[in-house]
């Protein structure tokens, strides 16, 4: 909240303002704009976060993406910790302390101050969802449906290609 930029940064001007907001405000935004490539990435999840944030706030504020990224990263750490707790004996729990320390650090400073980088947190989150669902002891039909949904969403997080779907 103190250091996040309340205005778009670098290619967020092109990605958010040019491809999403101008067409939205001019009444001709179509779904293809969500899938428009940004360099080599297809960042549909990030664009949806930014679009929903704009519609909810009435203004473009990249800090919405920063908060969404923080929530996805926290959920990823919680999912992985829960999965590990389900298989490790209690005496091995202290082994997770270094994981939590490293997980508390951001990927780099840019992802903290650049709302358009929420895809950097969306891919690990969707991949962790797939892994946790795939590791279910007694998989049910909904596990497969949820894993397929998370895999599909992961395709639209960044230049991830088929990483999470292949894991599934």
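Residue numbers (our numbering): 52 to 219.
C-beta atoms are modelled at their ideal positions from N, C-alpha and C, and glycine is treated no differently.
Since we're looking at a predicted model, the values are computed, not measured.
Outcome for residue i when other beta-carbon atoms lying within 10 angstroms are tallied against a minimum of 16
i	result
residue 127	buried
residue 174	buried
residue 139	exposed
residue 110	exposed
residue 78	exposed
residue 115	buried
residue 67	buried
residue 101	buried
residue 105	buried
residue 150	exposed
residue 191	exposed
residue 71	buried
residue 93	buried
Integer-rounded CB distance, given that residue j should sit under 8 Å from residue i
i	j	result
residue 132	residue 147	6 Å
residue 74	residue 112	Wrong, their Cβ atoms sit about 19 Å apart, outside the cutoff.
residue 154	residue 180	Not a contact, Cβ separation roughly 16 Å.
Short Cβ contact (7 Å threshold) for residue i with residue j
i	j	result
residue 97	residue 169	yes
residue 134	residue 186	yes
residue 117	residue 172	no
Other residues of its chain near residue i: CB distance less than 7 Å, five sequence neighbours each side excluded
i	result
residue 95	85, 86, 207
residue 76	none
residue 130	179, 180, 183
Proximal residues to residue i (C-beta, below 8 Å), its chain only, five neighbours per side dropped
i	result
residue 81	74
residue 197	180, 184
residue 156	none
residue 121	172
Minimum Cβ-Cβ distance from residue i to chain D less than 7 Å
i	result
residue 189	Annotation note: the requested chain D is absent from the structure, which comprises a single protein chain.
Cβ-based neighbour list, residue i, same chain, cut-off 6 Å, excluding 5 preceding and 5 following
i	result
residue 194	184, 187
residue 89	66
residue 119	100, 169
- Query: At which residue ranges does the region 55–79 contain complete alpha helix (DSSP H) runs of 4 or more residues, listed in the order of the chain?
  - Reply: 73–76
- Query: In the region 111–167, which residue ranges form an unbroken beta strand (DSSP E) of at least 3 residues, counting only runs that do not cross its ends?
  - Reply: none
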